[in-house]
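Residue numbers for the sequence shown follow this note's numbering, so the first one is 10 and each next one is one higher.
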Amino acid sequence: MGSKLRKVILRDRRLIPPFNEPARDLMVMNKPLWLHQRDLLAPYCGEELEVDSLDEVPDDRVPTLVYRDNLFFDEPFLRTFLERARRLGKACRVAFALNDPAIVHHALPLQRGIRREGDVYVADMWYFPYGKEPYARPLVIETLAREIGYYRVPRYMAPNQGDLTFWVPLRAFLSIEHWVHIFMANSPFGIFAEGARMEAQIQRLDVKLRILWRAMLERRQVLSSSALIRIGRNVQIDPTAILQGPTIIGDNVTIGAGAVIANSIIGSNVNIGQGVQVLLSVVGDGCFL
10 MGSKLRKVIL
20 RDRRLIPPFN
30 EPARDLMVMN
40 KPLWLHQRDL
50 LAPYCGEELE
60 VDSLDEVPDD
70 RVPTLVYRDN
80 LFFDEPFLRT
90 FLERARRLGK
100 ACRVAFALND
110 PAIVHHALPL
120 QRGIRREGDV
130 YVADMWYFPY
140 GKEPYARPLV
150 IETLAREIGY
160 YRVPRYMAPN
170 QGDLTFWVPL
180 RAFLSIEHWV
190 HIFMANSPFG
200 IFAEGARMEA
210 QIQRLDVKLR
220 ILWRAMLERR
230 QVLSSSALIR
240 IGRNVQIDPT
250 AILQGPTIIG
260 DNVTIGAGAV
270 IANSIIGSNV
280 NIGQGVQVLL
290 SVVGDGCFL
């Protein structure tokens, strides 16, 4: 993508109850949010600067990405925003359509970081190709959300509700200002979105053949092949356990008899006991289930 950008981080010092920590220090996808952001931005950004307000951003003519440190976003979202912004060659700000279902249903409640301005929703992420400018035009990014069922609610519990569904984005973006947003970032906008992206990619013939070939070589079911499951070092898995991808398992993990792990992230030094089922979840380092 050419020369690297300067990264300017707007600090958000609000503490998120009940954790009593700023959003940047909370765990998302088994990483502190600041580390998740840094890893995603590493291919695009070099110099880093932290400020408390947009007024403190330097005025020199250096290509700059500015974002607030309580934002959760994924690689497809970031790549799409930067590619379109660089192609446009003008100062841009992240924006969303008013009818984007993932934003409307899941990102807007309990927060103020994503707000309406005119006929779009805008958020605190900017791209300045020639240094800070007083006006940045909104650049609408589609989240490509699809409605996917989470689990079925029994009729006697919710006779008029039907299935519980989420609008799962293929390009995720969230302003973390409440503990509910931690769940949203880890599950529907996190590991659930990873599964939705894999489901979309597997429609391509080359991806489908690569995964099928790997499964045939390993004599495993497609969802249990190493093409969809990443396993760390020193992992002990009982032969009767069931693993289905996309799943990531860290180091020094023990998985007991009859356990089921599907579309999840398991951290390091985790012990998953006999018969435990983990679905669409993120299990942090050092946990015992």
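Cβ atoms here follow ideal geometry from the backbone N, Cα and C, with glycine treated the same way.
Treat the numbers as computed from the prediction; the structure is a model and nothing was measured.
Excluding residues up to 5 positions away in sequence, E84 and L87 lie with their Cβ nearer than 6 Å to the Cβ of L49 in the same chain. Here M193 carries a helix assignment [DSSP, helix/strand/coil].
Going by C-alpha positions, E56 is about 25 Å away from R23.
The segment 186-272 is shown to contain whole alpha helix (DSSP H) runs of 4 or more residues at 188-195, 201-210 and 214-227, in chain order.
In this structure, the straight-line span from the alpha carbon of I264 to that of N278 is close to 11 Å. For R125, the enclosing beta strand (DSSP E) stretches over residues R124 to E126. Taking C-beta atoms as the reference points, S184 and G127 fail to come closer than 8 Å. When secondary structure is reduced to three states using DSSP, F28 falls in the coil class, being assigned neither helix nor strand. Per DSSP, reduced to three states, the secondary structure at T89 is helical. C296 and I281 have their C-alpha atoms roughly 8 Å apart. Three or more beta-carbon pairs separated by less than 8 Å are not found between the segment 36-52 and the segment 148-161, which leaves the two stretches without contact. For L80, the enclosing beta strand (DSSP E) covers residues L80 to F82. The Cβ neighbour count for T256, taken over all protein chains shown within 10 Å, is at least 16; the residue is labelled buried.
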